[in-house]
Amino acid sequence: MDDQRDLTARVRDGYDRIAAEYDEQRSTDDTDVSLVERFRDALGANAAVLDAGCGTGTPVTALLAEECTVTGLDLSREQLSLATDRLPAHSFVEGEMTRLPFAEDSFDGLTSFYAVIHVPRERHEDAFSEFHRVCRPGAPVLCTVGDTDWAGHNEDWMGMGGPMYWDIPGLDRTRKLLDDAGFSVEGVDRVMDDVADEPAKKPFVWARA
């Protein structure tokens with residue numbers, strides 16, 4: 015458990031250090047826009063949505079906020095500060111996906127872009143169980159995962175001066191974990207991620223509570 019806490023602290027520290035630079039890069043990245051719009055359009059007006067791993071609130075939270083009531087959750091205080099400045103009418107909470115500070119059946123939908131991949135794989139089951147707990151029955155979920163089994167560190171991620179850690183059990187294992195948590199996996203889309211050391215298409219899983 016101590017090792018897992020150390021890895022979580024590494025991710026938090028990394029995102030705190032690179033908050034401004036990461037915000038600038040994500041603000042100009044429009045590769046995810048069509049996915050977010052599809053997700054948003056599938057919800058009713060003023061739907062309550064959790065963006066787990068919201069970062070600085072761009073582009074995902076901001077797009078959702080155009081029609082939904084959004085709550086953003088993130089580890090990084092620096093990232094959350096920028097998100098709050100950007101979207102003051104919405105709620106932002108510091109916390110971890112493996113122990114969400116929300117009541118059961120709180121949300122009509124949930125997004126988690128480029129976030130679960132930073133959680134130690136031993137805690138992915140906890141994260142998905144928490145996602146299911148806070149989602150209302152039938153709520154859609156859209157989550158970035160990874161195709162292959164891989165874990166790694168970078169002490170100077172993308173040359174921005176912050177350490178980073180990833181732990182990806184692979185798509186098949188992730189689908190199994192989502193199923194075990196009570197979700198029905200409905201499909202996978204792949205979208206180019208340019209904000210990475212090596213840009214590549216990343217899988218996004220569509221699921222339903």
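Using the numbering used here, the first residue of the sequence shown is number 15, and each one after it goes up by one.
Built from N, CA and C at the ideal position, the CB exists for glycine as well.
Simplified DSSP assignment, three categories, for residue i
| i | result |
| --- | --- |
| Val133 | coil |
| Glu200 | strand |
| Gly152 | coil |
| Met178 | strand |
| Glu108 | strand |
| Leu124 | strand |
| Asp88 | strand |
| Thr158 | strand |
| Gly58 | coil |
Boundaries of the alpha helix (DSSP H) in which residue i is found, first to last residue
| i | result |
| --- | --- |
| Tyr29 | 16-31 |
| Leu192 | 185-195 |
| Ala79 | 74-79 |
| Asp65 | Element bounds for Asp65: not the alpha helix (DSSP H) but the beta strand (DSSP E), 62-66. |
Other residues of its chain near residue i: CB distance less than 6 Å, five sequence neighbours each side excluded
| i | result |
| --- | --- |
| Thr158 | Phe127, Tyr128, Lys216, Phe218 |
| Leu192 | Phe142, Val199, Ala221 |
| Thr188 | Val159 |
| Ala62 | Thr83, Phe121, Asp122 |
| Arg100 | Gly71 |
| Phe116 | Val148 |
| Leu64 | Thr85, Phe121, Leu124 |
| Asp119 | Arg150 |
| His167 | Tyr179 |
Local Cβ density within 10 Å of residue i, reported as buried at 16 or more and exposed below that
| i | result |
| --- | --- |
| Glu92 | buried |
| Glu110 | buried |
| Val47 | exposed |
| His132 | buried |
| Ala59 | exposed |
| Asp17 | exposed |
| Arg54 | buried |
| Met15 | With a pLDDT of 48 at Met15, under the threshold of 50, the modelled position of this residue cannot be trusted; read the value that follows with caution. Exposed, by the Cβ-count rule. |
| Arg204 | exposed |
| Glu212 | exposed |
| Arg52 | exposed |
| Ala97 | buried |
| Asp20 | exposed |
| Met178 | buried |
Chain-order list of residues whose beta-carbon lies under 8 Å from that of residue i (same chain, five-residue window excluded)
| i | result |
| --- | --- |
| Gly176 | Asp27, Gly28, Tyr29, Asp30, Arg31, Ile32, Asp170 |
| Asp194 | Glu139, Phe142 |
| Asp49 | Going by the sequence as given, residue 49 is Leu instead of Asp. Answer for Leu49: Leu156, Asp203, Val205, Phe218, listed in chain order. |
Boundaries (first-last residue) of the beta strand (DSSP E) holding residue i
| i | result |
| --- | --- |
| Leu114 | Element bounds for Leu114: n/a, residue is neither H nor E. |
| Leu55 | Residue 55 is actually Asp in this sequence, not Leu. Looking at the DSSP string, Asp55 is not in any beta strand (DSSP E); the run it does join, the alpha helix (DSSP H), is 47-55. |
| Ala221 | 214-222 |
| Ala103 | Run containing Ala103: none; DSSP gives neither H nor E here. |
| Asp208 | Counting along the chain, Asp208 falls outside any beta strand (DSSP E), and DSSP gives it neither H nor E. |
| Trp164 | 163-168 |
Expected contact under 8 Å - CB spacing of residue i and residue j to nearest Å
| i | j | result |
| --- | --- | --- |
| Thr112 | Ala153 | The Cβ separation is near 19 Å, so there is no contact. |
| Val74 | Leu114 | Not quite, the Cβ-Cβ distance comes to about 17 Å (not below 8 Å), so this is no contact. |
| Leu87 | Cys68 | 6 Å |
| His146 | Gly201 | Not quite, the Cβ-Cβ distance comes to about 18 Å (not below 8 Å), so this is no contact. |
Cβ shell of residue i (< 7 Å), same chain only, five flanking positions each side left out
| i | result |
| --- | --- |
| Pro183 | Arg135, His138, Asp163 |
| Glu81 | Arg54, Ala59 |
| Ala34 | none |
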